[in-house]
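Position in the sequence shown (first residue = 1) + 5 = my numbering.
All residues carry an ideal CB built from backbone N, CA and C; glycine is no exception.
Single-structure report; data block below.
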Amino acid sequence: MRVLFVEDNEVNRRVVREMLHAGGVDMVEAEDGRVGLDMIDTQNFDLVLMDLRMPVMDGLTAIRHIRRRADDKAGLPVIVVTADDGASIDADCRAAGADDVMHKPISMSALFGAIGAILARRGDSAAVMIA
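Right, here's the structure in full:
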């Protein structure tokens, strides 16, 4: 499994990279939404983890761009990983096209549980080891 994590904070990327690596998942990193979209244009991913607050392009805008694509990448599963916890955050993320929303700090078991649930709902046969 190959995951793109779009997050501007290096520490957050390192923590999630270690979690995913421990579960046998390959993670590619992008530091903002624009770079993430460019990577989606040129590479294949099974899932995207997306932060919300980033320079250049925020996560909600990036998700909307993904969903407006004219190819099969428009359906790429997206999980928002955010420190935001306002009353409308989850609804805003889902309205933009996110499949799920996780609030930081996240645990390894919650992360793999969310990934596994999305892949199961989509009927994806990719094996995900739940840590």
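Among the options, which has the Cα closest to the Cα of residue i?
| i | options | result |
| --- | --- | --- |
| Gly30 | Leu52, Arg39, Met44 and Met62 | First, the amino acid is wrong: residue 30 is Val here, not Gly. For the residues Leu52, Arg39, Met44 and Met62, the minimum Cα distance to Val30 belongs to Leu52. |
| Gly91 | Leu57, Ile123 and Lys78 | Leu57 |
| Val8 | Asp77, Met59, Met24 and Glu15 | Met24 |
| Met44 | Cys98, His70, Ser112 and Met107 | His70 |
| Ala88 | Asn17, Gly102, His108 and Arg74 | His108 |
| Met59 | Ser114, Met6 and Phe10 | Phe10 |
| Ala103 | Ala122, Ala115, Gly121 and Arg72 | Arg72 |
| Ala79 | Ile111, Met6, Pro110 and Leu42 | Leu42 |
Cβ of residue i within 9 Å of Cβ of residue j?
| i | j | result |
| --- | --- | --- |
| Gly28 | Gly64 | no |
| Glu15 | Leu54 | no |
| Leu81 | Phe50 | yes |
| Ala84 | Ala119 | Checking the sequence shown, residue 84 turns out to be Ile, not Ala. It is a contact, given that the beta carbons lie within the stated cut-off. |
| Ala101 | Ile68 | yes |
| Val106 | Asn17 | no |
| Met32 | Val20 | no |
Below 7 Å CB to CB, which residues in the same chain sit around residue i once its five sequence neighbours on both sides are set aside?
| i | result |
| --- | --- |
| Val61 | Asp37, Gly38 and Arg39 |
| Ala136 | Note that Ala136 scores 42 on pLDDT, short of 50, meaning its location in the model is unreliable; the coordinates nonetheless yield the value given after this. The residues are Ala27, Gly28, Met113, Ser114 and Phe117. |
| Ile111 | Val86 |
Just the C-alpha distance for residue i and residue j, rounded to the nearest angstrom, thanks.
| i | j | result |
| --- | --- | --- |
| Thr47 | Asp77 | 13 Å |
| Thr66 | Arg127 | 23 Å |
| Thr124 | Arg99 | For the sequence presented, residue 124 should be read as Leu rather than Thr. Going by the C-alpha atoms only, they are around 17 Å apart. |
| Met6 | Ile94 | 28 Å |
| Arg74 | Ala122 | 24 Å |
### Query
Whole beta strand (DSSP E) runs in the region 92 to 131 with 3 or more residues, listed along the chain?
105 to 108
Report task. Could you pull out every unbroken beta strand (DSSP E) segment of at least 3 residues lying fully inside the region 23 to 76, listed in chain order? Result -> 31 to 35 and 52 to 55
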